[in-house]
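Under our numbering, the first residue of the sequence shown is numbered 35, with each subsequent residue one higher.
I have placed the structure first, in the form of structure tokens, so that the comments after it can refer back to it.
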Amino acid sequence: MEGQQRRLRRRPLPEERGIRVLPCRRRRAGIRLSASPDARRLTAGCARFGTRRTFARSISERRPMHDDPWEHGHYGAEDEVIFGSIAEDGFPINPDWLRLTSVGIDIGSSTSHLMFSKLVMRRRSTEMSSEFEVVFRQVLYRSPILLTPYSDPDTIDTDSLGEFVKQSYAEAELEADDIDTGAVICTGEAVRKHNSEAIIRMLAAAGGRFVCATAGPNLEGILGAHGSGAAARSLKIGAGMNVDMGGGTTKIAIAQDGKVAETMAINVGARLIAWDADSVVERIEEAGRTIANSVGVDVQVGKRMEEEEKEKVAEKLADLLFEALSRSEYSQLA
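Structure follows, in structure tokens:
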């Protein structure tokens, strides 16, 4: 055994191997072990003989840094090296690890977009559980923001939306068979359009293996709190609030200690009344008509809105939003 240890210690690393190594700590007899329990399991063969092992890329293969903090999950330098390597094709198959390609499609009343991600999931075996948890996430492709197309005020344009999704798959260089999991979520006023369910089923059938949902106000608030980072930040500061204003509704979520404690949704949105470049009204949601009428503004499709009328409606929407945020006495509209 001692001779085998000496031979392993003298064996040089190949030149193409990376120079980053897992941080180690010493144990009895000078044997080095990784500082992470998960890394110990991955590097058991090396740690047993006191050697170090790296899962990093060589310098020539390293990818450029990015400016977007949500391009991938950050779990510490050591975890990022390990989980990032597991996400790569060619890593040995292990029943305690799952590598998934995921897609999310968000159809809102104002905008729609799509994103592909690579996920690494780990079985919580150290806690005697068969449950998997996400330990690494990397964005593969993020689509441009699309103004949700409408063929008429109550109907989403299925053909235009389908073409947008098809183009996004092509730009990401992915096929439906490459998708392991995903979700199509319809939110806000888009849920109330008469063909929203048909659109969700169409996208799910064409896009791969999906979970489909029409998100209610509570689910929208929870998704917004986690997606914005407000829930995670509340672990550090104790509590936080996320205000997510969409085209038809605004979702408010309060997070405490990493969990969403309370949610609220109100009919305040940026496109409750939609007009073209000449201020001619193209679409009116029922909530938008009610709010406009409350301040004496008569809105009709095909009629031009004056700047003064726009300001009256905007001021009323702002008042309703701050009623909800301050929890003051609510008006009849709120």
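Glycine is no exception: its CB is placed at the ideal position from the N, C-alpha and C atoms.
Closest residue to residue i among the options (Cα-Cα distance)
i    : options                : result
S144 : A308, E363, E231       : A308
T374 : A232, V168, S365       : Examination of residue 374 is not possible in this model, given that the chain is present from 35 through 368 alone.
K337 : S313, K344, K293       : S313
I179 : E320, L354, I141       : I141
L174 : L148, I256, G196       : L148
F150 : S164, E197, E207       : E207
T297 : V199, G274, N252       : N252
S185 : A239, N229, K152, M275 : N229
R305 : S136, D130, L181, E165 : L181
R8   : G261, M275, L257, G196 : No information on residue 8 is available, as it lies outside the stretch 35 to 368 that the chain covers here.
N301 : L257, E165, S365, G330 : S365
A239 : K200, V331, S262, G330 : K200
For residue i: DSSP bridge partner residues
i    : result
H228 : Answer is none; H228 lacks a bridge partner.
R338 : V314
M375 : Any answer about residue 375 is impossible in this case: the structure gives the chain only from 35 up to 368.
D355 : The sequence given here places Leu at residue 355; Asp does not occur at that position. Bridge partners of L355: none, in fact.
L181 : T145
K293 : Q290
Alpha carbon of residue i to alpha carbon of residue j, nearest angstrom
i    : j    : result
E254 : T284 : 10 Å
V315 : I286 : 28 Å
A311 : I219 : 30 Å
F170 : V154 : 5 Å
G222 : G282 : 6 Å
L237 : I213 : 13 Å
I271 : G138 : 30 Å
E105 : E205 : Because the pLDDT of E105 is 48, which lies under 50, any placement of that residue in the model is unreliable, and the question is left without a value.
A69  : S202 : For A69, the predicted model reports a pLDDT of 43, less than 50, meaning its position is unreliable and no value from the coordinates is stated.
Q172 : R133 : 11 Å
S163 : T215 : 22 Å
K346 : R156 : 53 Å
E209 : S146 : 20 Å
R14  : E349 : Because the chain here runs from 35 to 368, residue 14 falls outside it and cannot be looked at.
E319 : T189 : 12 Å
M339 : S328 : 16 Å
K344 : D211 : 48 Å
R20  : A299 : Residue numbering for the chain in the displayed model covers 35 to 368; residue 20 lies beyond these limits and cannot be assessed.
P98  : D291 : With a pLDDT of only 41 at P98, under 50, the local geometry of the prediction cannot be trusted, and the value read off the model is given with reservation. Rounded to the nearest angstrom, the two C-alpha atoms are 34 Å apart.
R267 : A273 : 8 Å
D353 : D278 : 16 Å
D113 : W131 : Summary for D113: the model assigns pLDDT 48, below 50, so the residue's position carries little reliability; its value from the coordinates is reported in the next sentence. Rounded to whole angstroms, D113 to W131 spans 14 Å at the Cα level.
E341 : T135 : 47 Å
E357 : A295 : 20 Å
R361 : L269 : 24 Å
L257 : L359 : 19 Å
F198 : E363 : 44 Å
G330 : K152 : 51 Å
N276 : S262 : 8 Å
Extent of the continuous alpha helix (DSSP H) to which residue i belongs
i    : result
A204 : 192–206
G261 : 251–262
T323 : For clarity, residue 323 is Arg in the given sequence; the question names Thr instead. Per DSSP, R323 belongs to the alpha helix (DSSP H) from 320–328.
Contact belief for residue i with residue j at Cβ below 8 Å, rounded distance in angstroms
i    : j    : result
F244 : A217 : 6 Å
A265 : K293 : 7 Å
A369 : A259 : Since the first residue shown for the chain is 35 and the last is 368, residue 369 is missing from the structure and cannot be characterised.
R158 : E167 : 6 Å
G5   : G280 : Past the edges of the chain, shown from 35 to 368, lies residue 5, and the structure says nothing about it.
I325 : L355 : Rounded, the Cβ-Cβ distance is 11 Å, inconsistent with contact.
R323 : V335 : In fact, because the Cβ distance is near 10 Å, the residues do not count as touching under 8 Å.
P183 : S194 : 4 Å
Terminal residues of the beta strand (DSSP E) in which residue i lies
i    : result
E12  : Since the first residue of the chain shown is 35 and the last is 368, residue 12 is not available in this structure.
L148 : 145–157
T135 : 131–141
G216 : 215–220
G274 : 273–279
S185 : 184–186
I307 : 307–309
heavy atom of the ligand COA below 6 Å from residue i C-beta
i    : result
N252 : Although the ligand COA was asked about, the structure shown includes no ligands whatsoever.
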